[in-house]
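Shown next, in structure tokens, is the structure this report addresses.
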Amino acid sequence: MAGTVATDASLRVEVTAVGEATALAGIQRLVAGAQESRSGTRRLADRAAAWLFWIALAAAGITLAAHLIAGNPTGGLTAAVSVLVIACPHALGLAIPLVIAIATSSSARHGILVKDTAALEAMRTVDTVLFDKTGTLTRGSHELTEVATVDGWDEDRVLALAAGAESDSEHPIGRAVVDAARDRGLDVPEARDIETMPGRGVRAAVGERAVAVGGPALLDSLDLEAAPVLREATDRWRSRGGAVLHVVVDGAVVGAFTTADPIRPESRAAVDALHARGIRVALITGDARSVADAVGEELGIDDVFAEVLPEDKDQAVGDLQARGRRVAMVGDGVNDAPALARATVGLAIGAGTDVAIEAAGVVLAGSDPRAVLSVIDLSRASYRKMRQNLVWATGYNAIAIPVAAGALGWAGVTMPPAVAAIAMSLSTIVVALNAQLLRRLDLGPA
Numbered sequence: 002m003a004g005t006v007a008t009d010a011s012l013r014v015e016v017t018a019v020g021e022a023t024a025l026a027g028i029q030r031l032v033a034g035a036q037e038s039r040s041g042t043r044r045l046a047d048r049a050a051a052w053l054f055w056i057a058l059a060a061a062g063i064t065l066a067a068h069l070i071a072g073n074p075t076g077g078l079t080a081a082v083s084v085l086v087i088a089c090p091h092a093l094g095l096a097i098p099l100v101i102a103i104a105t106s107s108s109a110r111h112g113i114l115v116k117d118t119a120a121l122e123a124m125r126t127v128d129t130v131l132f133d134k135t136g137t138l139t140r141g142s143h144e145l146t147e148v149a150t151v152d153g154w155d156e157d158r159v160l161a162l163a164a165g166a167e168s169d170s171e172h173p174i175g176r177a178v179v180d181a182a183r184d185r186g187l188d189v190p191e192a193r194d195i196e197t198m199p200g201r202g203v204r205a206a207v208g209e210r211a212v213a214v215g216g217p218a219l220l221d222s223l224d225l226e227a228a229p230v231l232r233e234a235t236d237r238w239r240s241r242g243g244a245v246l247h248v249v250v251d252g253a254v255v256g257a258f259t260t261a262d263p264i265r266p267e268s269r270a271a272v273d274a275l276h277a278r279g280i281r282v283a284l285i286t287g288d289a290r291s292v293a294d295a296v297g298e299e300l301g302i303d304d305v306f307a308e309v310l311p312e313d314k315d316q317a318v319g320d321l322q323a324r325g326r327r328v329a330m331v332g333d334g335v336n337d338a339p340a341l342a343r344a345t346v347g348l349a350i351g352a353g354t355d356v357a358i359e360a361a362g363v364v365l366a367g368s369d370p371r372a373v374l375s376v377i378d379l380s381r382a383s384y385r386k387m388r389q390n391l392v393w394a395t396g397y398n399a400i401a402i403p404v405a406a407g408a409l410g411w412a413g414v415t416m417p418p419a420v421a422a423i424a425m426s427l428s429t430i431v432v433a434l435n436a437q438l439l440r441r442l443d444l445g446p447a
């Protein structure tokens with residue numbers, strides 16, 4: 002999870018979690034839970050194995066009765082035993098669980114934790130992937146790049162007040178403001194009564210001033226307009242795709258900032274690869290429309306949802322689903338949890354919050370958007386192996402049971418119980434070897 006080297010001081014460590022409470026134990030529980038969960042295909046295989054039990058009993062009884070009627074009780078008993086042996090549902094019962102066990106263990110080694118195998122199975126049907134922008138397609142580490150102020154206010158004064166209001170913020174843009182004030186060596190006043198307004202910004206009492214910091218939605222909620230000098234600057238920043246923050250002091254807009262959140266170099270490759278698989282890509286963010294459109298245009302994204310309040314993110318998923326789309330949502334924050342739960346498949350970034358991870362069916366240990374491709378490839382490959390194993394196990398029984406019952410006896414073809422046992426074992430080995438081939442799937446770097 003982390004590491005450090007202490008070379009010039011002693012170190013005292015307090016252990017806050019051991020055994021079952023550690024992160025590793027949590028990962029083990031996720032993998033174990035996934036292997037125990039039952040997808041639609043596994044339930045089908047379980048039902049088929051249950052039916053095979055009754056079919057084998059019926060076939061053995063009919064075989065014995067037919068031989069008794071023909072006056073061959075010894076041959077009838079031998080054939081009935083062969084039917085019971087050959088129809089042992091090992092292959093059918095192992096067809097799906099083996100694939101699930103190998104898929105979940107292999108994916109865990111590559112930073113993909115499957116919590117629910119139904120989610121993994123559904124991933125192959127997804128036709129739209131919806132990415133949360135900040136921290137997923139972008140680095141999530143904003144840097145303040147420019148400041149504009151109205152007459153009578155200098156940059157340092159505006160920045161210090163804004164940093165005071167954002168002092169407790171965990172939002173990347175808020176942290177960028179605080180870091181910029183620290184880098185300039187400014188004296189940041191202490192803030193009181195800090196109130197976070199989701200999707201709008203933050204407000205607080207900073208010194209003797211009432212300060213609010215936020216994007217365009219903040220000005221709309223306060224029914225304020227920026228001065229022409231600020232509008233000129235913010236329009237220029239938005240045209241370049243920059244995020245804009247306004248600073249409101251005592252009910253007046255006194256300044257504005259712009260920050261840059263660089264796009265991850267892996268994002269373009271991820272979007273292109275999804276398009277190559279015939280999957281549409283959508284982006285959702287609370288940022289301004291111009292910022293979202295700039296990122297969408299640069300990456301070639303199909304659908305852009307901008308200026309979306311946290312509580313409305315799941316509605317965006319619902320809108321896509323209303324168009325007949327099967328949506329995979331990728332997010333990391335508390336406000337992404339409803340959207341992750343509503344989506345056909347929810348994928349949580351492992352560095353995100355526990356709430357998001359709890360709501361998702363798949364957890365990505367890293368923040369590389371290309372991991373979504375690995376989940377899709379794993380879903381398709383594992384489903385293909387499941388079908389192959391089911392077809393083999395079903396076809397084997399469809400042919401072997403009549404032969405064991407003596408259907409080809411007229412041609413001199415019989416199957417003693419010993420031969421039936423070997424055939425049954427070979428069928429199980431074939432299913433196991435076919436499932437093992439799934440380990441050859443390239444899921445990217447471990």
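Just so it is clear: in the sequence shown, position 198 is 199 by our numbering, and no numbers are missing. Beta carbons: idealized from backbone N, C-alpha and C, even for Gly.
Within this structure, are the beta carbons of R265 and R140 separated by less than 7 Å?
Position 264 of the sequence shown, counted from the first residue, corresponds to residue 265. Position 139 of the sequence shown, counted from the first residue, corresponds to residue 140. Yes.
Does the stretch 104-122 come close enough to the stretch 144-151 to have 3 or more Cβ pairs within less than 8 Å?
At 8 Å Cβ cutoff, the stretches do not touch.
Quick check: the Cα distance between A181 and D369, rounded to an integer number of angstroms?
The residue you call residue 181 lines up with position 180 of the sequence shown. The residue you call residue 369 lines up with position 368 of the sequence shown. Spanning the two alpha carbons is a distance of roughly 27 Å.
For R278, count neighbouring C-beta atoms within 10 Å of its own C-beta (all shown protein chains included) and say buried if the count is 16 or more, exposed if not.
As a first step, residue 278 is located in the sequence shown; it is residue number 277 there, counting from the start. With fewer than 16 Cβ atoms within 10 Å of its Cβ, R278 is classed as exposed.
Whole angstroms is fine: what's the gap from P311's alpha carbon to A338's?
On the sequence shown, residue 311 is found 310 positions in, with the first residue counted as 1. On the sequence shown, residue 338 is found 337 positions in, with the first residue counted as 1. When rounded, the distance between both Cα atoms is 10 Å.
Distance, Cα to Cα, L69 vs A394?
Within the sequence shown, the letter at position 68 stands for residue 69. Within the sequence shown, the letter at position 393 stands for residue 394. One C-alpha to the other measures close to 30 Å.
Looking at C-alpha atoms only, which residue of L162, R176, R125, V130 is the closest neighbour of S142?
The count along the sequence shown starts at 1 and reaches residue 142 at position 141. Residue R176 is the option with its Cα nearest to S142.
From D313 to R343, what does the alpha carbon distance come to, in whole angstroms?
Against the sequence shown, residue 313 aligns to sequence position 312. Against the sequence shown, residue 343 aligns to sequence position 342. Their Cα atoms are separated by approximately 12 Å.
For I169, which residues in the same chain have their Cβ closer than 8 Å to its Cβ, ignoring the five residues on either side in sequence?
Here residue 169 refers to the residue found at position 168 of the sequence shown. One point to set straight first is that residue 169 is Asp, not Ile, in the sequence displayed. Once the five neighbours on either side are set aside, the close Cβ partners of D169 are A192, I195.
My output table needs one value for G410: the three-state DSSP class, helix, strand or coil.
Within the sequence shown, residue 410 is the residue found at index 409, counting from 1. Reduced to three states, the DSSP call for G410 is helix.
Name the residue from T75, V86, G72 whose alpha carbon lies nearest to the alpha carbon of L58.
One-based indexing of the sequence shown puts residue 58 at position 57. Residue V86 is the option with its Cα nearest to L58.
Which residues mark the beginning and the end of the beta strand (DSSP E) in which A295 is found?
Residue mapping note: residue 295 aligns to position 294 of the sequence shown, counting from 1. Careful: A295 lies outside any beta strand (DSSP E), inside the alpha helix (DSSP H) at 290-300.
Compare the beta carbon distance of I103 and L439 with 7 Å and say whether it is the shorter of the two.
Within the sequence shown, the letter at position 102 stands for residue 103. Within the sequence shown, the letter at position 438 stands for residue 439. In contact: I103 and L439 (Cβ atoms closer than 7 Å).
Counting pairs of beta carbons, one from the stretch 213-225 and one from the stretch 248-267, are three or more of them closer than 8 Å?
Contact holds: three or more Cβ-Cβ distances are below 8 Å.
Under 8 Å Cβ to Cβ from E267, same chain only, skipping five residues before and after it: list those, please.
If you number the sequence shown from 1, residue 267 lands on position 266. Excluding positions up to five away in sequence, the list reads D369, P370, R371.
Write down every uninterrupted run of the alpha helix (DSSP H) in the stretch 225-295 whose length is 4 residues or greater and which is fully enclosed by it, in chain order.
If we require 4 residues or more, the alpha helix (DSSP H) runs fully inside the stretch 225-295 come out as 229-240, 266-277.
Can you find the residues in the same chain that come closer than 6 Å, C-beta to C-beta, to G215, ignoring five residues on each side of it along the sequence?
Counting from one through the sequence shown, the residue named residue 215 turns up at place 214. Excluding positions up to five away in sequence, the list reads R201, G202.
Taking only three categories from DSSP, how would you classify L310?
Against the sequence shown, residue 310 aligns to sequence position 309. Of the three classes helix, strand and coil, the one that applies to L310 here is coil, per DSSP.
Using three-state DSSP, classify Q36 as helix, strand or coil.
Here residue 36 refers to the residue found at position 35 when the sequence shown is read from its first residue. Caution is warranted here: a pLDDT of 48 is assigned to Q36, below 50, making its placement in the model unreliable, and no coordinate value can be reported.
So the alpha helix (DSSP H) G76 belongs to, where does it begin and stop?
For this step, residue 76 is matched to residue 75 along the sequence shown. Segment 74-87, the alpha helix (DSSP H) holding G76.
What residue range does the beta strand (DSSP E) around A71 cover?
Within the sequence shown, residue 71 is the residue found at index 70, counting from 1. Premise fails: A71 is in no beta strand (DSSP E) and is neither H nor E.
Would you kindly check if the distance between the Cβ of D304 and the Cβ of A323 is under 7 Å?
Indexing the sequence shown from 1 puts residue 323 at position 322. Indexing the sequence shown from 1 puts residue 304 at position 303. No; because the gap between Cβ atoms is not below 7 Å, this pair is not in contact.
CB T460 to CB A257, shorter than 7 Å?
There is simply no residue 460 to check, as the chain begins at 2 and stops at 447 in what is shown.
If I'm right that A244 touches D288 with Cβ under 8 Å, what's the distance once you round it to whole angstroms?
Along the sequence shown, one-based indexing puts residue 244 at 243. Along the sequence shown, one-based indexing puts residue 288 at 287. Confirmed, about 6 Å.
If you measure from the beta carbon of G410 to each beta carbon in chain B, is any gap under 7 Å?
The structure shown contains no chain B, having only a single protein chain.
Helix or strand or just coil, what does DSSP make of L187?
If you number the sequence shown from 1, residue 187 lands on position 186. Reduced to three states, the DSSP call for L187 is coil.
In whole angstroms, give me the CA-to-CA distance for P418 and P98.
Counting from one through the sequence shown, the residue named residue 418 turns up at place 417. Counting from one through the sequence shown, the residue named residue 98 turns up at place 97. Near 27 Å, if we compare the C-alpha coordinates of P98 and P418.
Excluding the five sequence neighbours on either side, which residues of its own chain have a C-beta within less than 7 Å of the C-beta of V19, listed in chain order?
In the sequence shown, residue 19 corresponds to position 18, counting from 1. So the list is empty, once near-sequence residues are dropped.
Alpha carbon to alpha carbon, what distance is there between P199 and G208?
For the purposes of this step, residue 208 is taken as the residue at position 207 of the sequence shown. For the purposes of this step, residue 199 is taken as the residue at position 198 of the sequence shown. Approximately 23 Å, taken between the alpha carbons.
Roughly how many angstroms separate the alpha carbons of I400 and G413, rounded to a whole number?
Indexing the sequence shown from 1 puts residue 400 at position 399. Indexing the sequence shown from 1 puts residue 413 at position 412. For I400 and G413, the distance between alpha carbons rounds to 16 Å.
Over what stretch of residues does the alpha helix (DSSP H) that includes T118 continue unbroken?
Counting from one through the sequence shown, the residue named residue 118 turns up at place 117. Looking at the DSSP string, the run of the alpha helix (DSSP H) that includes T118 is 118-123.
Going by DSSP in three states, G332 sits in which element: helix, strand or coil?
For the purposes of this step, residue 332 is identified with residue 331 of the sequence shown, where counting begins at 1. Here G332 sits in strand by DSSP.
Measuring CA to CA, which of L160, L162, T197, G186 is closest to H172?
In the sequence shown, the residue the question calls residue 172 occupies position 171. Closest option to H172, Cα to Cα, is T197.
Per DSSP, what are the beta-bridge partners of D133 in this structure?
Indexing the sequence shown from 1 puts residue 133 at position 132. Answer by DSSP bridge pairing, in chain order: I285.
Could you tell me which residues DSSP pairs with A149 in its beta bridges?
What you label residue 149 is simply residue 148 of the sequence shown in a count that begins at 1. A257, per the DSSP bridge assignment.
When burial is assigned at 16 or more other CB atoms within 10 Å of the CB, is A271 buried or exposed?
The residue given as residue 271 occupies position 270 in the sequence shown. By the 10 Å Cβ count, A271 comes out buried.
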